[in-house]
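Notes for the one structure printed next.
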Amino acid sequence: MARYIARRLVFAAFLIVAVSSLSLVLTRLAPGDFTTEALGLDARRETVEQMRARFGLNKSIAAQYGDWLAAVARLDFGRSLLYDRPVKDLIPERAANTAILAVTALAVATLLGLPLGIVTGSRRGGVIPTVIRSASLVLLSMPPLLTSLFLVFLAARTGWLPIAGMRSAAVPEGGATVDLLRHLIVPAAAIGLPLAAMLERLQAQAMSEVVGEPFVLAAFARGVPRSRVVWRDALKPALKPVASVYGLMVGTLLSGSFAVEVITAWPGLGRLMLDALRARDVYLVAGCAGAGAIFLAFGTLLSDIALALVDPRARE
Amino acid sequence: MTGQSRNIAVIIAIVAAMAAGCRSGPSPEAPASTAGLHRGGEIVASVRSEPRSFNRLAARDTTTVLVATLTQAKLVRVNQATQEVEPWLAESWTASPDARGVTLKLRRDVVFSDGHPFTADDVVFTFDAAYDGQTHGGVGDSLRVAGKKLKVVATDPQTVTVTFPEPFAAGVRLLDNLPMLPRHKLEAALKSGTFSSAWGLSTPLSEIVALGPFVVARYEPGQRVVFDRNPHYFRKAADGGALPYVDRVTIDIIPDQNAEMLRLEAGQIDTMTSEIAPEAYAPLKRAADAGRVQLLDLGGGYNANALWFNLKPGAIADRDRARWLQRDELRRAISMAVDRQQYVDTVFFGAGVPVYGPETPANKQWYWAGEPKTPHDPAGATQLLASIGLADRNGDGVLEDARNQPARFTLLTQKGRPDLERGATVIRDELKKIGVIVDVAALDSGAVIQGFLTAQYDAVFFNPDKTALDPALNLDFWRSSGSAHMWNMNQTAPATDWERRIDELMDRQTAATDPRERKALYDEVQKIFSEHLPILYFAAPRIYVAASWRLTNLTPAVWRPQLLWSADTIAVAR
């Protein structure tokens, strides 16, 4: 198992460097650079050239990439052109916010999607499975962007929840944690509900297949209660397909969170990357992409480990 | 207007201009009435992006400028509501008769928020910092006359002499660009070459001292900036009481306008720091009708979206194509082909005014009333195009040039700006009716700017925001050598006779001390512009802002931030 994890970690490191490098090069290749956005149209040419020289934008892409790579080897990820701060200082504070949102959304998705999938997958008919299935289809057809717009609208109209942001300006009576949880509901639901629907559908499919397996039918035939068969005997094999896509879901979670962070003003990595891309902040884009790759690699690793635990053949 | 009343108006204008030029005595800027205004409370506003710095000289983005507006002060202030120059940190000034300099007297007893006195040394230091090669806020470039720096000397702790390299009629108006900075806090950074990083977002907030009405009290990255009132702020209300009226301003960072509007309607913010987008007007109007917000109509804007062609000689590789693409007649035909009222209706949903030249009617002081209003005349446009060899030779509804190549060009515009994207569509559809094919390419702003900076484009439809109304402050646009002379930038010598003539007129206009002469010269410039139409304008939006009913004593202005430009005099209802 240790060798398996080590192998996955090497792959994760390669993924992170590759994604960051590609982001830096692509941002540099795009027309325009940070100076056009930062200085505007009425800047003198000398000012533009001074700024380009200061930030290394007057070098060739290869030279700039080489310098950046050498710095990265020393764990120096460059200085954000936009905020004039080290990238390694900017990323963690925003990544932590994104992680809070992503973990909550994943928890929402898992806690809702898996049990509901087991319910709908283990029963052929009935009102409840039909309602759950229909709700899942509706949620699956709505991208997180629309879900978040709808939830923000709902929050604004009802006044039940904060519309945007991560914390109130003044800590309310319930304390900072309660305040954070209240702010989390809209963005976490916007990301988590479509994922819950996806998990529900996957789990339902897997469960319905396992329920038809001979060992499950034999258990039913022996008169073992249905709920015991489903939750004790059928659950573990039915989790395999879900475990294999769990890692990919973390990637989806991240890309989905970008749009939701903008709509709900959540101060996460997605918004930072969007600002960096707009400003052609090459080092910050590379840093954000690298952080995104770390999320993805971590998710994939977790998924692989989960799969290896459920199905030892996966370690091969 | 009769001849007599016109004469009286002219005399009043001259007297007012002279008074503005050589102002002395007590400051008149305090609010006229403070009766019934409540002191205390908080304003919550929103911005779309976070500041890049707390140092205005290091960055020029909208939020950094807003932070500077709230926390810093200038020597003089251009009142955004009246466009008059007002004494600010300088209580009076005297312009030299030849418009080559100005002597400013600073207020006594002004201190920074840390209690350190503000003196002429801070003024000289701030100019040094602005002109330093390390700063990237664009202020140093805007503080030049004919591309040269101003000479600033502190003659005593309360007196500063500013000398312009050439006669400069706009005079102290130029100083509205520069917030004063504390020498005692920033001199070390300037000397050590780290000035552009000084007062960055990670600087301890206690290090950031203010001369303006507020101090930065808290910064939560990605979420908000909180400002508390500056207890040492130098301005007083008319009743002698302290300003600002409110104790706190919170600026929430909300990147999405829909979320901003919902929060405004829900009472979670008091105002947005930018005007309402045309597509957001209808829902906010409903909210205003229902009494949930107040909607303020500020009239027509100063900026209109602009269409220009690449007129740089040799920039269009295909010479035969350049022969019609760079002709005045093509631009005149386009001006006739586009129905400006339809443009207003489609792009601004009716809330706009047709525009025909570089100044909109909102710029009352400099707008040329004699400007020709091009009628919507597609038939006339077709005739004009025929005169430069564009005709439908094969009856397919598309005009062809002499080589039978279709009359077709690519129009670059900015992606993500709905007014520009809608406007480009209107232009494309209108020109299709006269047989000209337009391929609209919507790119992000950086790519569009790069396109025209490198002269690699046919035509651009963009909004190069004007930041000052006085033409002498927009010389980079007017002069052929200017970096913002959009259609053919940074010319070493004027490419055409009419550009040479505009250069001459603008040089005279900038140096002239007689306001009437300046206006007449600028009218002449606008006349030449209208004859050659190097840039086509179609319409400007009406500017609306929304605010909660809590906010009182507002002095809204067309330019951003429409309400918070005068944050020290805003009060909130009890």
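Line order of the protein sequences matches chains A and B. So the first sequence is residues 2 to 317, counted in our numbering. So the second sequence is residues 12 to 585, counted in our numbering. Don't be surprised by glycine CBs; every beta carbon is placed ideally from N, CA and C. It should be emphasised that the depicted structure is a prediction, and the values quoted were computed from it without experimental measurement.
Identity of the residues DSSP links to residue i by a beta bridge
i        : result
B/Ala56  : B/Ile262, B/Thr282
B/Glu97  : B/Arg88
B/Glu231 : B/Arg235
B/Val471 : B/Trp319, B/Leu423
B/Arg240 : B/Phe225
B/Leu115 : B/Trp104, B/Val171
B/Lys247 : B/Ala253
B/Ile448 : B/Arg419
B/Val122 : B/Pro128
B/Val583 : B/Leu562
A/Leu203 : DSSP output for A/Leu203 lists no bridge partner at all.
A/Ala292 : According to DSSP, A/Ala292 bridges with nothing at all.
Other residues of its chain near residue i: CB distance less than 6 Å, five sequence neighbours each side excluded
i        : result
B/Gly151 : Ala141, Tyr142
A/Val20  : Ala290, Ala294
B/Asp125 : Val220
B/Ala30  : Below a pLDDT of 50, predicted positions are generally treated as unreliable, and B/Ala30, at 40, falls in that range; the measurement from the model is reported next regardless. For B/Ala30, where only same-chain residues beyond five positions count, there are no Cβ hits under 6 Å.
B/Arg259 : Glu53, Asp239
B/Thr13  : Low confidence applies here, because B/Thr13 scores a pLDDT of 41, under 50, leaving its location unreliable; read the following figure in that light. Correct list: empty, nothing qualifies.
B/Ile22  : Its pLDDT being 43, under 50, B/Ile22 is placed unreliably by the model, and the measurement read from it follows with that caveat. Excluding residues within five positions, none has a Cβ falling inside 6 Å.
A/Gly288 : Phe78, Val88, Ile92
B/Ser10  : In this structure chain B extends from 12 to 585, so residue 10 of chain B is not present and cannot be described.
Nearest candidate by alpha-carbon position, reference residue i, set the options
i        : options                                : result
B/Ala79  : B/His49, B/Val163, B/Trp210, B/Leu395  : B/Trp210
B/Pro588 : B/Gly149, B/Gln169, B/Arg88, B/Ala165  : Residue 588 of chain B lies beyond the residue range present for chain B, which begins at 12 and ends at 585; the question has no answer from this structure.
A/Leu310 : A/Arg55, A/Pro238, A/Leu254, A/Ala108  : A/Pro238
B/Thr507 : B/Arg351, B/Ala317, B/Leu322           : B/Leu322
B/Thr146 : A/Phe56, A/Met250, A/Trp267            : A/Phe56
B/Thr478 : B/Asp133, B/Ile438, B/Asp187, B/Phe65  : B/Asp187
B/Asn474 : B/Asn415, B/Leu86, B/Ser577, B/Trp319  : B/Trp319
B/Val121 : B/Thr436, B/Pro232, B/Arg246           : B/Arg246
B/Asn374 : B/Gln416, B/Pro324, B/Tyr313, B/Ala326 : B/Tyr313
B/Leu396 : B/Leu216, B/Gly144, B/Val409           : B/Val409
B/Ala291 : B/His195, B/Thr74, B/Leu306            : B/Leu306
Proximal residues to residue i (C-beta, below 7 Å), its chain only, five neighbours per side dropped
i        : result
A/Val172 : Asp180
B/Gly32  : Its pLDDT being 40, under 50, B/Gly32 is placed unreliably in this model, and the coordinates cannot settle the point.
B/Pro37  : With a pLDDT of 37 at B/Pro37, under the threshold of 50, the modelled position of this residue cannot be trusted; read the value that follows with caution. The answer is none, since no qualifying residue turns up.
B/Thr166 : Thr172
B/Arg71  : Gly148, Gly149
A/Leu150 : Ile264
B/Gln15  : Reliability fails at B/Gln15, whose pLDDT of 46 lies under 50, so the model's placement of it is uncertain and no value is given.
B/Phe420 : Leu336, Val449, Asp469, Ala470
B/Thr114 : Trp104, Thr105, Thr170, Thr172
B/Asp514 : Arg490, Ser491, Pro505
A/Ala292 : Ile92, Ala96, Leu270
Contacting residues, own chain, Cβ-Cβ under 8 Å from residue i (five flanking each side not counted)
i        : result
A/Asn59  : Glu50, Arg53
B/Gly381 : Asp534, Lys538
A/Val286 : Ser24, Leu25, Thr28, Met274, Ala277, Leu278
B/Leu189 : Lys85, Leu86, Thr137, Phe138, Ala141, Val150, Leu154
Closer than 7 Å at the beta carbon, the chain A residues around residue i
i        : result
B/His147 : Ala39, Leu40, Met52
B/Glu340 : What B/Glu340 touches in chain A: nothing, since even the nearest Cβ is about 27 Å away.
B/Thr261 : Ala170
B/Glu290 : Near B/Glu290 there are no residues of chain A at all, since even the closest Cβ is about 15 Å away, more than 7 Å.
B/Ile438 : Residues of chain A passing the Cβ test: none, with the nearest at roughly 21 Å.
Within chain B, the residues that residue i reaches when beta carbons sit closer than 8 Å
i        : result
A/Ala84  : Sequence check: residue 84 of chain A is Tyr here, not Ala. Chain B residues near A/Tyr84: Arg63, Ser64, Gly211, Leu212.
A/Leu320 : Missing from the structure shown is residue 320 of chain A; chain A here goes from 2 to 317 and no further.
A/Val179 : Within chain B, no residue comes near A/Val179; the closest Cβ sits about 17 Å away, beyond 8 Å.
Closer than 7 Å: residue i CB and nearest the ligand FAD heavy atom
i        : result
A/Val179 : The ligand FAD is absent from the structure shown, which contains no ligands of any kind.
Amino acids of chain B, ordered along the chain, whose beta-carbon sits closer than 7 Å to that of residue i
i        : result
A/Phe154 : Leu273
Partners in chain B for residue i, counting only beta-carbon separations shorter than 9 Å
i        : result
A/Pro268 : Glu61, Glu231, Pro232, Gly233, Gln234, Ile264
A/Met167 : Glu231, Gly233, Gln234
Within chain A, partners of residue i - CB distance below 8 Å
i       : result
B/Ala69 : Asp85
Run through the segment 133–201 of chain B for me and flag every whole alpha helix (DSSP H) of 4 or more residues, listed as ranges in chain order.
150–153
Fully enclosed by the segment 95–181 of chain A, which alpha helix (DSSP H) runs are 4 residues long or longer?
128–142, 145–159
Taking the runs of the beta strand (DSSP E) that are 3 residues or longer, which of them lie wholly in the segment 268–345 of chain B?
305–311, 317–320
Which runs of the alpha helix (DSSP H) at least 4 residues long sit entirely within the segment 238–290 of chain A? Give them in chain order.
270–280
Tell me the start and end of each unbroken beta strand (DSSP E) in the segment 498–556 of chain B that is at least 3 residues and wholly inside, in chain order.
546–548
Complete runs of the alpha helix (DSSP H) confined to the segment 16–102 of chain A [at least 4 residues]
35–40, 46–55, 62–74
Unbroken stretches of the beta strand (DSSP E), 3 residues or longer, contained in the segment 348–434 of chain B:
363–365, 419–425
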